[in-house]
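Here the protein sequences line up with chains A and B, keeping their order. Here my numbering is used: the first residue of the first sequence is 1, the next is one more, and so on. Here my numbering is used: the first residue of the second sequence is 156, the next is one more, and so on.
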Amino acid sequence: MSVTATIRIQEADFDVAQEIAALSKGRTDVGAVVTFSGICRGSENGEPIAALTLEHYPGMAEAEIGRHADEALSRWPLQGLTIIHRFGRIAPGENIVLVAAASPHRQAAFEAAEFLMDYLKTNAPFWKREESEKGTSWVEARDHDDAAAARWTKP
Amino acid sequence: MRVKYFAWVRERVGVAEETVEPPADVRTVNDLIGWLSSRGEAYAYAFEKPKVIRAAIDQAHVKPDAVIAGAREIAFFPPMTGG
Numbered sequence: 001m002s003v004t005a006t007i008r009i010q011e012a013d014f015d016v017a018q019e020i021a022a023l024s025k026g027r028t029d030v031g032a033v034v035t036f037s038g039i040c041r042g043s044e045n046g047e048p049i050a051a052l053t054l055e056h057y058p059g060m061a062e063a064e065i066g067r068h069a070d071e072a073l074s075r076w077p078l079q080g081l082t083i084i085h086r087f088g089r090i091a092p093g094e095n096i097v098l099v100a101a102a103s104p105h106r107q108a109a110f111e112a113a114e115f116l117m118d119y120l121k122t123n124a125p126f127w128k129r130e131e132s133e134k135g136t137s138w139v140e141a142r143d144h145d146d147a148a149a150a151r152w153t154k155p
Numbered sequence: 156m157r158v159k160y161f162a163w164v165r166e167r168v169g170v171a172e173e174t175v176e177p178p179a180d181v182r183t184v185n186d187l188i189g190w191l192s193s194r195g196e197a198y199a200y201a202f203e204k205p206k207v208i209r210a211a212i213d214q215a216h217v218k219p220d221a222v223i224a225g226a227r228e229i230a231f232f233p234p235m236t237g238g
């Protein structure tokens, strides 16, 4: 049976526990669910942050995440996959992103979740802007995120 | 063709999207960046470091040498910082 990823790009917050439960609800073949949830930090380099605002490219965000979800489904034996990415203003402590991967055994779920997060960081069209006492500024991309994504490229 | 701008590229250009009709000798994404840069100070500022700018044609990532013929929508933006 082919597996379809659930992908949601939304302004509203989400419930991580509910998303995990949805992946294994009513079935007994799932042996592992690995989740990564990205949460808004309240400080950056020692400076307090009031909020993050995420801008995104509607349409491309869904398409780009969909392409990477399809690649993950083809590379690992997954039984379910949920990816949620928020946009808009997000306060410290709130969720930003969720990747949840279900598989019969843990290794595939761990690897798929890590692969997807590494690609989301560098290829999904989202941009973070920080609000602090000093004003607002765009978050700069980090070289180590590019390096993390590059290690998944097939030779 | 429709051109969209995001994040600080959008702020510097001053609009989120517009329709442009570049001349026929503007063949690639890089050519389009050069042509847009010549349209005024705001564009020149947005594209002052062309190597930093990322581009997408019809909502898929492309390299600077990608040919723009046939494109409906071209987007320019800084390196992404989602996740």
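Each residue gets a CB set at the ideal place from its N, CA and C atoms; glycine is no exception. Small disclaimer: the values here were computed from a predicted structure and weren't measured.
Around the Cβ of residue i, are there at least 16 other Cβ atoms within 10 angstroms (buried) or fewer (exposed)?
{"i": "residue 140 of chain A", "result": "exposed"}
{"i": "residue 104 of chain A", "result": "exposed"}
{"i": "residue 165 of chain A", "result": "Residue 165 of chain A lies beyond the range of chain A shown here (1 to 155); nothing can be said about it."}
{"i": "residue 165 of chain B", "result": "buried"}
{"i": "residue 17 of chain A", "result": "exposed"}
{"i": "residue 133 of chain A", "result": "exposed"}
{"i": "residue 136 of chain A", "result": "exposed"}
{"i": "residue 218 of chain B", "result": "exposed"}
{"i": "residue 55 of chain A", "result": "buried"}
{"i": "residue 172 of chain B", "result": "exposed"}
{"i": "residue 130 of chain A", "result": "buried"}
{"i": "residue 168 of chain B", "result": "buried"}
Tell me, to the nearest whole angstrom, how far the beta carbon of residue i is from that of residue j; I am working on the premise that it is less than 8 Å.
{"i": "residue 149 of chain A", "j": "residue 119 of chain A", "result": "5 Å"}
{"i": "residue 112 of chain A", "j": "residue 80 of chain A", "result": "No, residue 112 of chain A and residue 80 of chain A are not in contact; Cβ-Cβ is about 11 Å, not under 8 Å."}
{"i": "residue 209 of chain B", "j": "residue 177 of chain B", "result": "About 19 Å separates the two Cβ atoms, so there is no contact after all."}
{"i": "residue 238 of chain B", "j": "residue 51 of chain A", "result": "Between residue 51 of chain A and residue 238 of chain B the Cβ distance is about 17 Å, and since that is not below 8 Å, they are no contact."}
{"i": "residue 100 of chain A", "j": "residue 19 of chain A", "result": "6 Å"}
{"i": "residue 122 of chain A", "j": "residue 143 of chain A", "result": "Wrong, their Cβ atoms sit about 10 Å apart, outside the cutoff."}
{"i": "residue 87 of chain A", "j": "residue 126 of chain A", "result": "7 Å"}
{"i": "residue 138 of chain A", "j": "residue 190 of chain B", "result": "Not really, about 25 Å apart at Cβ, beyond 8 Å."}
{"i": "residue 41 of chain A", "j": "residue 92 of chain A", "result": "6 Å"}
{"i": "residue 109 of chain A", "j": "residue 32 of chain A", "result": "5 Å"}
From what residue to what residue does the alpha helix (DSSP H) around residue i run?
{"i": "residue 165 of chain B", "result": "162-168"}
{"i": "residue 115 of chain A", "result": "106-123"}
{"i": "residue 18 of chain A", "result": "16-24"}
{"i": "residue 149 of chain A", "result": "143-150"}
{"i": "residue 188 of chain B", "result": "184-192"}
Could you spell out the range, first to last residue, of the beta strand (DSSP E) harbouring residue i?
{"i": "residue 135 of chain A", "result": "135-138"}
{"i": "residue 33 of chain A", "result": "32-39"}
{"i": "residue 173 of chain B", "result": "172-174"}
{"i": "residue 131 of chain A", "result": "126-132"}
Answer yes or no: the CB of residue i versus the heavy atoms of the ligand PLP, is any distance below 7 Å?
{"i": "residue 228 of chain B", "result": "With respect to the ligand PLP, the structure shown offers nothing to examine, as it has no ligands at all."}
Problem - Ranges of the beta strand (DSSP E) found wholly within the region 49-103 of chain A, counting only runs of at least 3 - result: 51-56, 80-86, 88-90 and 95-103
Problem - Near-chain B residues of the region 122-134 of chain A (beta-carbon distance less than 7 Å), N- to C-terminal order - result: 122, 123, 124, 125, 126, 127 and 128
Problem - Where the region 77-106 of chain A meets chain B: residues whose CB sits under 8 Å from a CB there - result: Look at the region 77-106 of chain A: the residues with a C-beta under 8 Å from a C-beta of chain B are 85, 96 and 97.
Practice task
Compile a chain-ordered list of the residues in the region 22-35 of chain A whose CB is closer than 9 Å to at least one CB of chain B.
Solution key: None of the residues of the region 22-35 of chain A has a beta carbon lying less than 9 Å from any beta carbon of chain B.
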